[in-house]
Each structure stands twice: as structure tokens, then as C-alpha cells.
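A.B. asks:
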Amino acid sequence: MSIVELDVALGERRYPIWIGAGLLDEAELWRGAIRGRQVLIVSDEHVAPLYLERVRAGLKALTHEALVLGAGESSKSIESTNRIFDALAALGANRDATIIALGGGVIGDLAGFAAACWMRGVDFLQMPTTLLAMVDSSVGGKTGVNLAAGKNLVGAFHQPRAVVIDTATLATLPKREYAAGVAEIVKYGAIGDAEFFAWLESHADALNTRDAQALAHAIATSCRQKAGVVARDERERGERALLNFGHTFAHALEAESGYGALLHGEAVAIGMVLAARLSAALGRAPSADAARLSALLARFDLPTALPADADPDALLSRMRLDKKNLSGRLRLILWRGIGQAEIVPDVDADAIRAVLAPAI
Ligand SMILES: NC(=O)c1ccc[n+]([C@@H]2O[C@H](COP(=O)([O-])OP(=O)(O)OC[C@H]3O[C@@H](n4cnc5c(N)ncnc54)[C@H](O)[C@@H]3O)[C@@H](O)[C@H]2O)c1
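Our numbering puts the last residue of the sequence shown at 360; the count rises by one with no breaks.
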């Protein structure tokens, strides 16, 4: 089996990302990342029946328990965090315990947050099973849960000990979830790698059929880019913000249309096209590049335009609340064209409203 190993270079907190088909069964590889003898696996009700036993089998003589939560964003809560704490207490977990997050971004963010808190921080391993989690949420150490007041309001930076990406688990991922992950892959080409963008254009069909080789390349290229950005700017003081290309629009759209109506990756697809069109309208980038981006996303059946009933003023008000804004100015991630994202600190509100207006 071919295994790709990447490194997230964070000094003494550095960790490997392993990518390969069938890695859940390769415990000889990942068990070494577990330092103590107690392990809690956190998973969800869709993923656990498919993959939990394989992880358990790999743990052999280690003391382990599993906590299986409901699937979906509602599990990313303080209540679920408490359930993890109760399970750790029942296991008698010490400071050398390890949590394994087996699932999508919801489980990874939640279990990582619990690991950051338990006894002021214990080890955790990411075993992502959605494409979005493989190329984005499992790498970089952002963990957290939602409150009634908003998404991701409580959290911590806590890097995993290792990320184990078994690409074979994607075989069971529903089509819409898969495409939502592809949107984040396209983002890496869009913001920093024109060559990868062109590769995606020529391999869209292979990715749509989940061709193993194409997937391995796309996941490894995405993780390599994210790992590099995280190593240079772990706490998002600069470059890491570029990963939010399209996300200010997307968050506004998700909040306006009601969470759950659009998958996050779908909202990001629309948001990236809006950011590209806004860049063109401001004379910062060629409009032909916006058209190329939109065409590529459409090949994955991703949406590329706002829903017909979207309200530009409501979206703009939401965008004004974004965490990235400073001193009341609208700060957005735009681009100079394919492969060249940039932070623009003070974007004119009327120009934003114009790209949010329905096409006539
Ligand atoms: N920490 C970060 O840097 C970061 C980055 C991006 C997104 N996120 C977070 O990630 C979350 C979204 O993650 P997600 O899109 O993976 O959603 P998710 O975890 O809800 O998974 C999506 C659905 O797929 C199911 N599933 C997962 N793996 C499967 C498999 N292999 N086969 C069949 N079904 C499977 C899940 O049970 C769920 O129903 C959001 O909460 C978002 O805030 C975090």
C-alpha cells in the first residue's frame, strides 16, 4: 500500500499526516502516536457502525472505550463535551490519556475541544472520514463547539498528535457531502496554487468517480498547503486568514438561509464565486478567472450563485459581524486571480452589495 506522509512543522508539537487507502487497519503505523494506555474513541452514529471496530481492533491491549454521538452539527455542543468528560471519568482517564476523533469535522472539532480541556490538555488523534475533514478541519488545531448564540464561539487551539486519513472511508460518504469537501479542495488551488487549479480542471471527472489516485493527489496537495500555512501562522495573525477565501460570504449565507439548508462547502462554493466577482468588479482580478472558478465548481454539481430569494442587505449586515473585520471596516479575502488570494482591509460596502444583488 502506498502511504503519503506529510509533516506539520510546529517545533516540539510537530505531527504527521498519513494518507492512504485502508489506513484504519494499519495500526502498526498510528498506534505509536498514542503515548499512554487509556483511549477514548469518539464517533457518530453513521460512522461508528462502519469503521469503529477496525479502530478498536488496532488498539489491542490498550484500555479503550467508545462514545457514539448523534450525527450532525447539533452534536457540536457543550452537552456533548460533557458526555465526553463523563466517559473519560468513567474510564479513569489520566493526563496521559488519548482521545481518537473518528468522523467528520463535527466529531473532530468536538473531540479535539474536549481533549484541550481534559486535565488542561491531553493527546488526541484525528481520523477524519469526510472529505472536508480530511483536507481542512482535521489539520491545524482549531477545535471548538457551538453555543445557542453562534457557531464555534467556544474553542481552543489544540494540535493533534497525528492525522490518519484513510481515503477508503470516502466510499460510503453521501454524494452531497463529498462535493462539499471538493469545494474546499478547489479553494486551495484558487488561493495559492494555479497549477493545482489547472490539474483539478483536467481531473474533475476522475474526482467525480472518486478515483483513488486522483483523490490521493488532491488530498495530499490540499493537506500540504494547509500544513504549510499552519506551520507559518498557527494563530491566524496573517497568512492563515487566506484560507477563509469565500467564507465571509458563506457564513452570512449559512446564517441567513438557516443552518443546514446549505452544506458549508456548498455555501463556500457560492462565496468563492462572489469573492472572485467582487475582485473583478474592483479591478483587482480578471473576470475570466471568476468564470473559470465558477465553471470548475459547477462540474462537481456545486452551487455557484446565490439562491433567488437571497436578500443583499440582510447578507451585508451579517458580513459586518464577521470576526475578521477590524474597527468597523469590512475586511475580506479577495484575489488577484487564480492562485493569488489577498487580504483586503477596507472593502467598499456598495461594491459588495452590487455582487449580492440578483442578476437581472
Ligand atoms: N476546525 C477547523 O479548522 C474546521 C474547518 C472547517 C470546518 N470545520 C467544522 O467542520 C464541521 C463540518 O464537518 P463535516 O462537513 O465533516 O460534517 P459532519 O461531521 O457533520 O459529517 C457530515 C455527515 O457525514 C457523515 N459521515 C462522516 N463520514 C462518513 C463516511 N465515511 N461515510 C458515511 N457517512 C459519513 C456524518 O455522520 C454526517 O452525517 C462544521 O462544524 C465546521 O464548523 C472545522
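Don't be surprised by glycine CBs; every beta carbon is placed ideally from N, CA and C.
#1: When burial is assigned at 16 or more other CB atoms within 10 Å of the CB, is Met272 buried or exposed?
#2: Please list, in chain order, all residues of the same chain as His363 whose beta carbon is under 6 Å from its beta carbon, the five residues on each side excluded.
#3: Relative to the C-alpha of Lys175, which candidate in Asp136, Thr130, Val145 has its C-alpha closest?
#4: I'd like to know if Leu132 contacts chain D, where contact means its C-beta is closer than 7 Å to some C-beta of that chain.
#5: Could you name the residues of the same chain whose beta carbon sits closer than 8 Å to that of Leu200, not counting the 5 residues immediately before and after it, in chain order?
#6: Taking DSSP as the reference, what is the three-state secondary structure of His264?
#7: Give the DSSP bridge partners of Lys142, in chain order.
#8: Taking C-alpha atoms, which residue in Leu23, Asn94, Ala241, Gly32 lies nearest to Pro128?
#9: Where Leu88 and Arg95 are concerned, what is the direct C-alpha to C-alpha distance, given to the nearest angstrom?
#10: Counting C-beta neighbours from all protein chains within 10 Å, is the total for Asp309 16 or more, i.e. buried, or is it exposed?
#11: Tell me the rounded alpha-carbon separation between Ser2 and Leu170.
#12: Closest to Asp343 by CA distance: which of Asp322, Asp301, Gly238, Asp350 is it?
#13: For the segment 151 to 165 and the segment 114 to 128, state whether three or more C-beta atom pairs, one from each stretch, are separated by less than 8 Å.
#14: Report the option in Met319, Leu282, Glu79 whose CA atom is closest to the CA atom of His251.
#15: Going by the C-beta, is His365 closer than 6 Å to any heavy atom of ligand 1?
#16: What are the start and end residues of the alpha helix (DSSP H) that includes Glu184?
#17: For a test of the three-state rule: what should DSSP assign to Thr98, helix, strand or coil?
#18: Out of Gly141, Ser279, Ala9, Leu10, which one is the CA nearest neighbour of Val347?
#19: Just to check, is the beta-carbon of Ser137 closer than 6 Å to a non-hydrogen atom of ligand 2?
#20: As a quick exercise: from Val68, Gly103, Gly72, Glu73, pick the residue whose alpha carbon is nearest that of Asp86.
#21: With distances taken Cα to Cα, identify the nearest neighbour of Phe124 among Arg83, Gly150, Asp289, Ile100.
#22: Assuming the contact rule is C-beta atoms closer than 8 Å, Ala9 and Ala231 should be a hit. Round their C-beta distance to whole Å, please.
#23: With a threshold of 7 Å on Cβ separation, who are the neighbours of Leu52 within its own chain once the five nearest residues in sequence on each side are excluded?
#24: Should Val47 and Glu73 be called a contact, given that it needs their Cβ atoms to be closer than 7 Å?
#25: If you follow the beta strand (DSSP E) that His64 is in, where does it begin and where does it stop?
#26: Which residue comes first and which comes last in the beta strand (DSSP E) that contains Gly20?
#27: Opposite Ser2 in the DSSP bridges: which residues?
#28: Among Pro49, Ile17, Gly337, whose alpha-carbon lies nearest the alpha-carbon of Ala194?
#29: Measuring alpha carbon to alpha carbon, tell me which of Leu173, Gln340, Ser257, Arg299 ends up nearest Leu50.
#30: Nearest to Glu45 by CA position, among Ala285, Ala71, Lys60, Arg35, is which residue?
#31: Note the first and the last residue of the continuous alpha helix (DSSP H) segment covering Pro391.
#32: Could you check whether Leu215 and Thr248 sit closer than 7 Å to each other, using their CB atoms as the reference points?
#33: Please return the same chain residues whose Cβ sits closer than 6 Å to the Cβ of Ala204, not counting the five positions on each side in sequence.
#34: For the beta strand (DSSP E) that contains Leu334, what are its first and last residues?
#35: Give the DSSP-derived three-state secondary structure of Lys151 in the structure shown.
C.D. replies: Let's see:
#1: buried
#2: The displayed coordinates of the chain run from 1 to 360. Any statement about residue 363 would go beyond what the structure contains.
#3: Thr130
#4: Absent here is chain D; the protein component of the structure consists of one chain.
#5: Ile185, Val186, Gly189, Leu207, Ala218, Leu296
#6: helix
#7: Phe157
#8: Leu23
#9: 11 Å
#10: exposed
#11: 17 Å
#12: Contrary to the premise, residue 343 reads as Ile rather than Asp in this sequence. Checked all of Asp322, Asp301, Gly238, Asp350; the closest Cα to Ile343 is Gly238.
#13: yes
#14: Met319
#15: As shown, the chain starts at 1 and ends at 360. That puts residue 365 outside it, with no answer to give.
#16: 175 to 192
#17: strand
#18: Ser279
#19: You won't find ligand 2 in this model; what it holds is ligand 1.
#20: Val68
#21: Ile100
#22: 4 Å
#23: Ile41, Ser43, Ala66, Leu102
#24: no
#25: 63 to 69
#26: 15 to 20
#27: In the DSSP output, where bridge partners are listed per residue, Ser2 has none listed.
#28: Gly337
#29: Leu173
#30: Ala71
#31: Outside the displayed span of the chain (1 to 360) sits residue 391, for which this structure offers no information.
#32: no
#33: Arg299
#34: 332 to 335
#35: strand
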